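Engineer:
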Amino acid sequence: MENNIEEKAITKGKWNIKNWDLSIFKKGLNFKSLKTKILLAFMTIIVLVIILATITVVTISKTNESTEDMVDTELALLMANDQLTISLSQRIAAARGYILFGDGLYKNLFNQYTEESHKYQEQVLALSDKPETQEVIDRSTDWEEMVVTEVFERYDNGDTTGAASYLRSSVEPYSNDLIKEFEKLANLRMDSINVHSKSVTDLGKRSLFLTFFISILVIVVGIAIALLTSNSIIKPINKVVERMKVMAYGDLSSEPLEVASEDETGQLSLAINQMQVMQKEVMEGMKMASEMLTNHSNDLTQSANEVKSGSEQVATTMQELATGSESQATTASNLAVVMDNFTKKVQTTNKSGEKIKNSSVGVLSMTNEGKQYMEDTSRQMAKIDEIVLDAVFKMATLDNQTQEINNLVVIIQKIADQTNLLALNAAIEAARAGEHGRGFAVVADEVRKLAEQVTVSIADITGFVEKIQTESKKVTDSLQSGYTEVVEGSSQIKQTGATFNKINSSVTKMAQDIKDISTNLESIQANSELMNSSIEEIASVSEESAAGIEETSAASQEITSSMEEVAGNSEQLADLAKGLADMVDEFKL
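For the record, in the sequence shown the residue sitting at position 414 is 414 according to this note's numbering, with numbers rising by one throughout.
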């Protein structure tokens, strides 16, 4: 009867365990390793940070390229174009001076200005391959040949009137058209500079938006992943720790732990559930065995006392004593079989405890590995910190380049002021020359207008440069903000590392609790083996009593002594049964 009850309890426990195994597969696809879960979380953060750094570096590189192209090409073309315009005005003034005064100094000035003009023409052609640029340069060369071949040669040959007439009728209108062509080229350069400036501004705004957006995304995703990962590890382990504490105090009546994943924490929860079922079965078996042992020991003690008291009436009670001894031997044999089964169950439970202890050691190893991954991630965040800081330094370099542009604009302003002064001097000289200086006064007025236009262009360029500096400062501030966010992300990762340290401490304590339970099971196994030995001894004594009964008529004193020994052993067995019952009562089934 008792064996059937034990088999049903064991079968029931195994059925529940199978149900738990099936419930795991019904939960869907889960990670089967904490290592995979942790690696995926931190690889996601690292990929987002790498994307942020890449976008920042690419944006800064494009900004630098656009700025360098504007400085090295467009601004240089604008300055060279202005110099060609000034040189043309200077050569017109020198040609007029030579025709009016016949002084060879003006002709030398014309040749000097022509050489300078050739240098600027070469610079313009080297920087621009547009057809309109080549056309203006060719027209400038034609104008130069007109002055040399038509004006200077006529004057040198004595045709002063013809030279002056050709200068007024052909050279000066041609020069005015040429100045307008140079002004058109200057306007094209200004339009190109405006396009470059707008491109740099738009690029800075996009960079600011992308940097801010991805920085916020990295922070939100990092915090979410850290919380989800830590909760998915800490919650199951805390449940296991609480359950182990309850089991350590002997409470085996709790419901099985919910197994929500197939990783190491889920395997640990499943092992704890199996251990609880096995312990409960063992305790129920021990309780039944202790009750049986107590009843049988009481019966044995009573029988021994009756044999002792009736030893003087051996002749009349011999048959009863023989029957009682046989019954005692049978009972002791049955009890020995029960205790042997009980001992085997205790051994099985002890082995399960060893497996759980080994599993807890594996979980402890995984938490140590997760802690190492946290330290590696912290070092990776430090590298990203350096990348963002380097981007800040590059933006500072861009700000220095815009300052150099500002310095070039100041130089152009000085050239414009000098040109304006030259125009004023030319106007004074034209006034002195009277009627002959009227054409010279016209040229001086054109030079003055050109200087004013250059001043206006310089003001526009200064405005564009200030806009570039403003946008550069915004990008620098954005990078500084990104750098601050990266530092905050590093702090969050350090806090997650501290959480892993707490997990490590909890798993270490859980492993110690499992070890204590395994030690208790070993103690129970030793006691059950001692009880089994005592039962076998009782069975042996009962058999000896049965054999001695046949010779009772000749050895009644020997029977009395044997019964006293049986009574003592039965009392010892009763004490062991009571101790076993007390140990079982400590567990709440």
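The beta-carbon is built from N, C-alpha and C at its ideal position, and this holds for glycine as well.
Please read all numbers here as calculations on a predicted model, not as lab measurements.
Return helix, strand or coil for D516, following the three-state DSSP convention.
Structural biologist: Sequence index remark: in the sequence shown, residue 516 carries index 516 (1-based). Here D516 sits in helix by DSSP.
Engineer: Below 8 angstroms on the Cβ atoms is my contact criterion, and I expect G285 with K345 to pass it. Report the Cβ-Cβ distance as a whole number of Å.
Structural biologist: The sequence position of residue 285 within the sequence shown is 285, counting from 1. The sequence position of residue 345 within the sequence shown is 345, counting from 1. G285 to K345, Cβ: 6 angstroms. Contact.
Engineer: If you measure between the beta carbons of L624 and L48, is that distance less than 8 angstroms?
Structural biologist: Outside the displayed range of the chain (1 to 589) lies residue 624, so it cannot be described from this structure.
Engineer: Please classify D376: is it buried, with 16 or more other beta-carbons within 10 angstroms of its beta-carbon, or exposed?
Structural biologist: By 1-based counting over the sequence shown, the position of residue 376 is 376. It is exposed - the Cβ of D376 has fewer than 16 other Cβ atoms within 10 Å.
Engineer: Please work out which residues of its chain come closer than 8 angstroms, Cβ to Cβ, to Q347, disregarding the five sequence neighbours upstream and downstream, and give them in chain order.
Structural biologist: Locating residue 347 in the sequence shown gives position 347, counting from the first residue. Result list for Q347: Q525, in chain order.
Engineer: What is the C-beta distance between L268 and V240, in whole angstroms, given that I count them as a contact (C-beta under 8 angstroms)?
Structural biologist: The residue you call residue 268 lines up with position 268 of the sequence shown. The residue you call residue 240 lines up with position 240 of the sequence shown. Contact flag correct, Cβ pair sits at about 6 angstroms.
Engineer: Taking T73 and F182 to be in contact with their CB atoms under 8 angstroms, please state how far apart those CB atoms are, rounded to whole angstroms.
Structural biologist: Along the sequence shown, read from residue 1 onward, the residue named residue 73 stands at position 73. Along the sequence shown, read from residue 1 onward, the residue named residue 182 stands at position 182. Contact flag wrong, Cβ pair sits at about 18 angstroms.
Engineer: Within a Cβ cutoff of 7 angstroms, which residues of the same chain sit near D516, ignoring the five residues on either side of it in sequence?
Structural biologist: As a position in the sequence shown, residue 516 is number 516, starting the count at 1. Within the same chain, D516 has close Cβ partners A248.
Engineer: Quick one, are the C-beta atoms of T211 and T56 less than 8 angstroms apart?
Structural biologist: Start at 1 with the first residue of the sequence shown, and residue 211 comes out as number 211. Start at 1 with the first residue of the sequence shown, and residue 56 comes out as number 56. Yes, Cβ-Cβ distance for T211 and T56 is below 8 angstroms.
Engineer: If you measure between the beta carbons of A431 and L100, is that distance less than 8 angstroms?
Structural biologist: Start at 1 with the first residue of the sequence shown, and residue 431 comes out as number 431. Start at 1 with the first residue of the sequence shown, and residue 100 comes out as number 100. Their beta carbons are not under 8 angstroms apart, which means A431 does not touch L100 by this criterion.
Engineer: Along the chain, where does the alpha helix (DSSP H) that runs through V136 open and close?
Structural biologist: Your numbering for residue 136 matches position 136 in the sequence shown. Looking at the DSSP string, the run of the alpha helix (DSSP H) that includes V136 is 131-146.
Engineer: I51: which of I179, S491, I214 sits nearest, CA to CA?
Structural biologist: Reading the sequence shown from its first residue, position 51 is the one you call residue 51. The shortest C-alpha separation from I51 is found at I214.
Engineer: Quick check: E264 and M366, are their CB atoms within less than 8 angstroms of each other?
Structural biologist: For the purposes of this step, residue 264 is identified with residue 264 of the sequence shown, where counting begins at 1. For the purposes of this step, residue 366 is identified with residue 366 of the sequence shown, where counting begins at 1. Yes, Cβ-Cβ distance for E264 and M366 is below 8 angstroms.
Engineer: Nearest to A427 by CA position, among V443, Q418, S478, I412, is which residue?
Structural biologist: Reading the sequence shown from its first residue, position 427 is the one you call residue 427. Nearest option by C-alpha distance: V443.
Engineer: Does DSSP classify A80 as helix, strand or coil?
Structural biologist: By 1-based counting over the sequence shown, the position of residue 80 is 80. Reduced to three states, the DSSP call for A80 is helix.
Engineer: Return the chain-ordered list of same chain residues with a C-beta closer than 8 angstroms to the C-beta of S88, the five sequence neighbours on each side being excluded.
Structural biologist: Stepping through the sequence shown from its first residue, residue 88 is reached at position 88. It is worth fixing the name first, because residue 88 is Leu in this sequence and not Ser. These residues qualify, in order along the chain: S117, S140, W143, S175, L178, I179, F182.
Engineer: Under three-state DSSP, which class holds G158?
Structural biologist: Here residue 158 refers to the residue found at position 158 when the sequence shown is read from its first residue. Correct three-state label for G158: coil.
Engineer: Buried or exposed: N569, going by 16 or more other Cβ atoms within 10 Å of its Cβ?
Structural biologist: Position 569 of the sequence shown holds residue 569. It is buried - the Cβ of N569 has at least 16 other Cβ atoms within 10 Å.
Engineer: Shortest alpha-carbon distance to S352 belongs to which of Q279, T323, L293?
Structural biologist: On the sequence shown, residue 352 is found 352 positions in, with the first residue counted as 1. The shortest C-alpha separation from S352 is found at Q279.
Engineer: Please name the residue, chosen from T301, N298, L252, that lies closest to E281 on a Cα-to-Cα basis.
Structural biologist: Taking the first residue of the sequence shown as 1, we reach residue 281 at position 281. Comparing Cα-Cα distances from E281 to each of T301, N298, L252, the minimum goes to L252.
Engineer: What is the DSSP secondary structure of A260, counted as helix, strand or coil?
Structural biologist: Translated into positions along the sequence shown, residue 260 becomes position 260. Note: A260 maps to coil in three-state DSSP.
Engineer: Just reading off the alpha helix (DSSP H) that Q313 is part of, what are its end residues?
Structural biologist: In the sequence shown, residue 313 corresponds to position 313, counting from 1. Counting along the chain, Q313 falls outside any alpha helix (DSSP H), and DSSP gives it neither H nor E.
Engineer: Kindly indicate the opening and closing residues of the alpha helix (DSSP H) around S117.
Structural biologist: Here residue 117 is taken as the residue at index 117 of the sequence shown, counted from 1. First-last of the alpha helix (DSSP H) with S117: 104-127.
Engineer: Do the region 92-107 and the region 158-167 touch if we need at least three Cβ pairs shorter than 8 angstroms?
Structural biologist: The answer is yes - the region 158-167 touches the region 92-107, with three or more Cβ pairs under 8 angstroms.
Engineer: Among the residues of its own chain, which have a CB less than 8 angstroms from the CB of A76, if the five just before and after it don't count?
Structural biologist: Translated into the one-based positions of the sequence shown, residue 76 becomes position 76. Within the same chain, A76 has close Cβ partners Q123, L127.
Engineer: By Cβ distance below 7 angstroms, which residues in the same chain neighbour I598 in space, the five residues on each side in sequence not counted?
Structural biologist: There is simply no residue 598 to check, as the chain begins at 1 and stops at 589 in what is shown.
Engineer: So is D582 buried or exposed if we call it buried at 16+ other beta carbons inside 10 Å?
Structural biologist: Walking along the sequence shown from the start, residue 582 turns up at place 582. With fewer than 16 Cβ atoms within 10 Å of its Cβ, D582 is classed as exposed.
Engineer: Identify which residue in A226, S327, A451 has its Cα closest to the Cα of T499.
Structural biologist: Sequence index remark: in the sequence shown, residue 499 carries index 499 (1-based). Answer by Cα proximity: A226.
Engineer: Determine the direct distance from the alpha carbon of I234 to that of M292, and round the result to whole angstroms.
Structural biologist: Position 292 of the sequence shown, counted from the start, is the residue given in the question as residue 292. Position 234 of the sequence shown, counted from the start, is the residue given in the question as residue 234. Their backbone Cα atoms lie some 45 angstroms apart in a straight line.
Engineer: What's the gap between the Cα of K603 and the Cα of S170?
Structural biologist: With the chain running from 1 to 589 in the structure shown, residue 603 is simply not present.
Engineer: From T476 to Q453, what distance separates their C-alpha atoms?
Structural biologist: On the sequence shown, residue 476 is found 476 positions in, with the first residue counted as 1. On the sequence shown, residue 453 is found 453 positions in, with the first residue counted as 1. Taking the straight line joining both Cα atoms gives about 34 angstroms.
Engineer: Taking the beta carbon of P236 as the centre, do at least 16 other beta carbons fall within 10 Å, making it buried, or is it exposed?
Structural biologist: Numbered from 1 along the sequence shown, position 236 holds the residue referred to as residue 236. Buried, by the Cβ-count rule.
Engineer: Which same chain residues end up closer than 7 angstroms to E529 when comparing Cβ atoms and leaving out the 5 residues on each side of it in sequence?
Structural biologist: Translated into positions along the sequence shown, residue 529 becomes position 529. Hits under 7 angstroms: T343.
Engineer: Taking 8 angstroms as the cut-off, decide whether the C-beta atoms of I45 and G222 are in contact.
Structural biologist: Locating residue 45 in the sequence shown gives position 45, where the first residue counts as 1. Locating residue 222 in the sequence shown gives position 222, where the first residue counts as 1. It is a contact, given that the beta carbons lie within the stated cut-off.
Engineer: Should V447 and L421 be called a contact, given that it needs their Cβ atoms to be closer than 8 angstroms?
Structural biologist: Here residue 447 refers to the residue found at position 447 when the sequence shown is read from its first residue. Here residue 421 refers to the residue found at position 421 when the sequence shown is read from its first residue. Not closer than 8 angstroms, so no.
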